[in-house]
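Residue numbers (the working numbering): 6 to 909. Note that beta-carbon positions come from the ideal geometry of N, C-alpha and C, so glycine has one too. All figures in this text were calculated on a predicted structure; none of them were measured in a lab.
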């Protein structure tokens, strides 16, 4: 039957949408949970019609489907050993905003943070606020009914849903936004809706069950189905709509939603309050009726975990013992006056409670950022320091607020009994929702058995003693589904199975997730981590890195590279060789190695650095000046050929040659002219600035012919005397050799440059962002020219020369120097500045744009339509300009050149 299913889907899916290769199936199986399952097949789906056809084929051949959006779920709800259905990264991105920002319609592939970005101009945001919002996609946020610090139960997906469009198990469309479609659905699915009404009658006629459901949903709860829908709505269509929320892909596929938005206030303040846990909870209960954004708990061990951070240390105090903790109280308002009124009222309550110490409310941006860093730093700090081979498990429960101290006391006893030392507890006190982090090693039989026993005792404690939620916001997945009956009891559990059988009669959607009859499910397919390399051993496979990776639509993402590397470490013989051969392209060649992944990684992993170390050493003696001259000669040769046969024809010819022999670089039709200028200095007179022309600028000329080097011209225009650093043509920061794994030449050039700079008695500037970034990491005292210009130019001399321009913030600028001041300068040069969505790294990566052109093409696949009406583009890195101009179909110039054009 499986082979027949595969044959049937090949009729409507392209070959590259059907993943059968073993390495790729393993890579795509990676998610943020503690489970690992190898799918038989992975499907990359681009449209609703494809989803319908896949579901119909699965229904016909009895094939099980598991849907996945971003793969940031923690409980195993998006893993399978059957067919994994993934959203294509470059599809499912449509959205619309209506009613002046009060509503937003979203497809499931949109990242939550991007939805908020779209709403920013309206001063609105979506209600759900999971901690993974920068990576989690709408599909998963809806399917998990995800929440976070602020939304509670009043602003989550269930509460803010207006309309939904979904595909059911028979392939039919359910769309509550269209009255005509709903009327048709009511006719076509009358028996189904009648059964929903019947279940509602059962619940309403059982006072005990009704009361129990109300009680369960008075706090956060994502375990089991949304039985509260039967109490909140009479219309079976509305009930069906709400059942889909939090169903974790077990009842159907949600293809778009319309959410009511909430206010996004810009005036904020934060207070850090220390005290005994019981006192802090009583204080939270007292102020819970006020307009407070969130109250975040950091227990004694959470505070200890982040105490090593120098910035955080100044806000930490020594506490008497582990019965003490801290809460962060956050407030916001539409204006400063209202904010101050709120603070005054809250302080009246605080003053009536015994607190050990408090910071006092602060609106200082730096202070608030540091405090949020402390809150957000607990998990990554613990994860980063965990023992090799261990797994990070973040559990998530909720109880009535007043029960929190007793629950935490009981949990501490459990941790001690099961030897989970220094397990940290943190969470959202206003919602009675806490998280705890433990790090068992599933390679150890004793720890494996201990974890099983712990799960049984812990779930019984929360569900029975505290009538709490076993999952408050992370979803049930495979982790809690065996314990659903413990929490819900037989009657509600039976009702949930009735819902499952009604909406998924053949059980094709995500079997065993949400509900299971296998009481050992939580102990099956547990992840274990092989030790591979110090750079990636701490990887939790959370997926936060993926949105910024330029190869995410082409080959593998950073977490997938790490995951496959771990797998390869466990293989041997011929099998290992096969995987290594494939990994050479998917893992190594198509990695930009720019390290943008590190900027998003909660534990600071630079997968690019790891990948560079997987390349063979290439240490050999070179003459750097000669290398630059040879590169320039190659560019000249290309320029001459292009002038004879045309640049586009040359691009076609070299592209064909490259397709046959990968070592042959392609010539892009946006290739610059070779740099004609020399950079030698014989003048020994004193100067304000020593300029170090970066290697890319010594190879490539500027886009317009100038009488002098543009970097020198702009600095002189600002009134500085400038000369080149002596022997500039022999100097280099070493980056180009670092990326080629020639560490001997890299270190030699770093030493030479440092020696030359140490003899200078003035500031030195380098004029390419990636070079200045690498120099900073290497400890070379060079200033980035773009940063220097932003900080030193007279803004009154800038004239607005352009209408609409596009800005690309290259990797190094994003990591080291870019801030809002850059944007302010660009806005003085133009009427409007556009920063294209979804492009954090262009993928040109030095010379990869010539040698692995598909990486640059994939990363910039949606650039041209976003910049079509721009006069030109601007960036801070020379090689990036080439690929951006080619794929953007507009000319990209340097920031320096833009300022030369706009300064009076």
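Can you list, in chain order, the residues of its chain whose CB lies under 8 angstroms from that of residue i, leaving out five sequence neighbours each side?
i: residue 468; result: 475, 488, 491, 492
i: residue 226; result: 403, 474, 476, 477
i: residue 220; result: 472
i: residue 836; result: 805, 807, 808, 809
Taking Cβ to Cβ, would you say residue i is nearer than 8 angstroms to residue j?
i: residue 47; j: residue 66; result: no
i: residue 90; j: residue 260; result: no
i: residue 813; j: residue 739; result: no
i: residue 337; j: residue 298; result: yes
i: residue 197; j: residue 507; result: yes
i: residue 262; j: residue 143; result: yes
i: residue 288; j: residue 330; result: no
i: residue 497; j: residue 222; result: no
i: residue 593; j: residue 603; result: no
i: residue 867; j: residue 95; result: yes
i: residue 545; j: residue 312; result: no
i: residue 141; j: residue 257; result: no
i: residue 118; j: residue 139; result: yes
i: residue 859; j: residue 408; result: no
i: residue 905; j: residue 746; result: no
i: residue 884; j: residue 854; result: yes
i: residue 150; j: residue 168; result: no
i: residue 630; j: residue 735; result: yes
i: residue 697; j: residue 680; result: no
i: residue 385; j: residue 608; result: yes
i: residue 895; j: residue 875; result: yes
i: residue 557; j: residue 596; result: no
i: residue 230; j: residue 416; result: no
Spatial neighbours of residue i within its chain, please: C-beta separation below 6 angstroms, excluding the five flanking residues on both sides.
i: residue 406; result: 290, 437
i: residue 412; result: 404, 471
i: residue 155; result: 134, 298, 299
i: residue 278; result: 332, 360, 363
i: residue 457; result: 528
Could you name the residues of the same chain whose beta carbon sits closer than 7 angstroms to that of residue i, not counting the 5 residues immediately before and after it, in chain order?
i: residue 614; result: 540, 600
i: residue 692; result: 726, 727, 728, 767
i: residue 348; result: 274, 336, 366
i: residue 38; result: 78, 79, 80, 81, 84, 482
i: residue 460; result: 527
i: residue 503; result: 204
i: residue 535; result: 571, 574, 575
i: residue 828; result: 838
i: residue 849; result: 861, 884, 885, 887, 888
So is residue i buried or exposed if we call it buried at 16+ other beta carbons inside 10 Å?
i: residue 590; result: exposed
i: residue 724; result: exposed
i: residue 14; result: buried
i: residue 3; result: Residue 3 lies beyond the range of the chain shown here (6 to 909); nothing can be said about it.
i: residue 710; result: exposed
i: residue 661; result: exposed
i: residue 701; result: buried
i: residue 911; result: Because the chain in this structure spans residues 6 to 909, residue 911 falls outside the shown range and cannot be described.
i: residue 285; result: buried
i: residue 428; result: buried
i: residue 357; result: exposed
i: residue 642; result: exposed
Are the C-beta atoms of residue i and some chain B residue less than 8 angstroms apart?
i: residue 118; result: The chain labelled as chain B is not found in the depicted structure, where only one protein chain is given.
Which ranges would you report for the alpha helix (DSSP H) in the stretch 556-605 if only whole runs of at least 4 residues count? 563-574, 578-588, 601-605
Unbroken stretches of the alpha helix (DSSP H), 4 residues or longer, contained in the stretch 196-251: The stretch 196-251 is shown to contain whole alpha helix (DSSP H) runs of 4 or more residues at 212-221, 234-237, 241-249, in chain order.
Can we say the stretch 228-240 touches the stretch 418-426, given the rule of at least three CB pairs closer than 8 angstroms? no
Going residue by residue through the stretch 433-507, where are the continuous beta strand (DSSP E) segments of at least 3 residues, counting only ones entirely within it? Runs found: 438-443.
Restricting to runs no shorter than 3 residues, where is the beta strand (DSSP E) found entirely within the stretch 645-696? none
The stretch 552-559 contacting the stretch 616-628, beta-carbon criterion three pairs below 8 angstroms: no
Cβ contact check for the stretch 639-651 and the stretch 848-867: 3 or more pairs under 8 angstroms: no
Runs of alpha helix (DSSP H) lying entirely within the stretch 799-883, each at least 4 residues, in chain order: 816-821, 825-834, 853-856, 858-864, 868-872
If we require 3 or more residues per run, which beta strand (DSSP E) segments fall completely within the stretch 308-384? 329-338
Hey, is the stretch 309-327 in contact with the stretch 391-399, meaning 3+ C-beta pairs nearer than 8 angstroms? Flag = no, the stretch 309-327 and the stretch 391-399 do not touch.
Count the C-beta pairs between the stretch 886-901 and the stretch 666-686 that are closer than 8 angstroms, then say yes if the count reaches three, no if not. yes
Does the structure place the stretch 751-769 close enough to the stretch 784-791 that three or more beta carbon pairs sit under 8 angstroms? Under the 8 angstroms Cβ criterion, the stretch 784-791 counts as touching the stretch 751-769, having at least three qualifying pairs.
As an exercise, report each continuous alpha helix (DSSP H) stretch of at least 4 residues that is fully enclosed by the stretch 35-81, in chain order. 53-66
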